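What follows is a short report on a single structure.
Chains as they are written, first to last, in the working numbering: chain P, 93 to 207; chain Z, 49 to 161.
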């Protein structure tokens, strides 16, 4: 068990448009989901932590109005990159954690390219 | 000082070698610790949790020293398939509804035939 899916796996969009990325825990209920961003040859950077039914907690330097996170259910969290710009091009990865546990299970990631 | 630091690497080792990775963390309140591996352009996958008593899973052994705030991962009899980036992950535990998970920068391992 502990499978996490992400959709889409890759997306190309034009500058100024918005992109929504979905993260689903397929076989468990995720009380907490995390969103990360990874630039080439760099480590994962935590963007925000979201608990089901509450507002997400954003890391310093991450604009909450630009990266909208909705954790509407115990199996689904979405990240919307609003008014995307080329510098937002990155690998976005979500992870999910079961209630009571500390291990995180990662989705396969979404590669976003903004032209 | 960074919250989680790892050996800078890269490590290039021959097949069959034993290799050790080190990780230090700055926050003594950290609660749980993990090693993940990440293959190029893929998502991280949990390798093992790290417990104070130490734990072993086949060729992999993880150790935690809370007093020194130090975590290690030992890989014995390296295989070509072990080539990846190894990420040290520290979770500072739950604080009301928010807990902080920090990934180290990773150490790259290449196992050479």
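The C-beta atom is built at its ideal place from N, Cα and C for all residues, glycine as well. Note that the structure is predicted; figures quoted are calculated from it, not measured.
Measuring CA to CA, which of the options is closest to residue i?
i	options	result
residue 82(Z)	61(Z), 118(Z) and 58(Z)	118(Z)
residue 72(Z)	158(Z), 124(Z), 160(Z) and 136(Z)	136(Z)
residue 126(P)	53(Z), 111(Z), 149(Z) and 61(Z)	149(Z)
residue 88(Z)	170(P), 161(P) and 183(P)	183(P)
residue 128(Z)	49(Z), 55(Z) and 59(Z)	59(Z)
residue 168(P)	194(P), 154(P) and 122(P)	122(P)
residue 140(P)	170(P), 107(P) and 193(P)	170(P)
residue 110(Z)	57(Z), 134(Z) and 92(Z)	134(Z)
residue 56(Z)	64(Z), 70(Z), 112(Z) and 91(Z)	70(Z)
residue 80(Z)	90(Z), 92(Z) and 96(Z)	96(Z)
residue 94(P)	94(Z), 63(Z), 54(Z) and 52(Z)	94(Z)
DSSP state of residue i, grouped into three classes?
i	result
residue 129(Z)	helix
residue 82(Z)	strand
residue 132(P)	coil
residue 115(Z)	coil
residue 106(P)	coil
residue 112(P)	strand
residue 144(Z)	Confidence at residue 144(Z) is low in this model, with a pLDDT of 44, below 50, so its placement is unreliable and the value that follows should be read with caution. In the structure shown, residue 144(Z) sits in coil (DSSP, three-state: anything other than H, G, I, E or B).
residue 122(Z)	strand
residue 98(P)	strand
residue 151(Z)	strand
residue 118(P)	coil
residue 203(P)	strand
residue 53(Z)	strand
Would you check if the distance between the CB atom of residue i and the CB atom of residue j is smaller than 8 Å?
i	j	result
residue 136(P)	residue 130(P)	yes
residue 157(Z)	residue 68(Z)	no
residue 200(P)	residue 134(P)	no
residue 78(Z)	residue 140(Z)	yes
residue 206(P)	residue 180(P)	yes
residue 107(Z)	residue 85(Z)	no
Can you find the residues in the same chain that come closer than 8 Å, C-beta to C-beta, to residue i, ignoring five residues on each side of it along the sequence?
i	result
residue 61(Z)	67, 126, 157, 158, 159 and 160
residue 101(P)	200, 201, 202 and 203
residue 175(P)	108, 109, 110 and 158
For residue i, I'd like the list of residues in its chain whose CB is within less than 6 Å of its CB, leaving aside the five on either flank, ordered along the chain.
i	result
residue 49(Z)	74
residue 103(P)	111 and 204
residue 103(Z)	110
residue 191(P)	123
Given residue i, which residues of its chain have a CB within under 7 Å of its CB, disregarding the five upstream and five downstream residues?
i	result
residue 185(P)	128, 130, 136, 198, 199 and 201
residue 106(P)	207
Let me check you understand the geometry: is the CB of residue i closer than 7 Å to at least one non-hydrogen atom of the ligand NAP?
i	result
residue 137(P)	This structure does not include the ligand NAP; it has no bound ligands of any sort.
- Return the chain-ordered ranges of every beta strand (DSSP E) run that is complete within the stretch 143-201 of chain P and spans a minimum of 3 residues. 159-165, 168-173 and 182-190
- Task: Report the residue ranges of all beta strand (DSSP E) runs contained in full by the stretch 65-113 of chain Z; include only those spanning at least 3 residues, in chain order.
- Result: 67-73, 80-86, 93-98, 103-105 and 108-113
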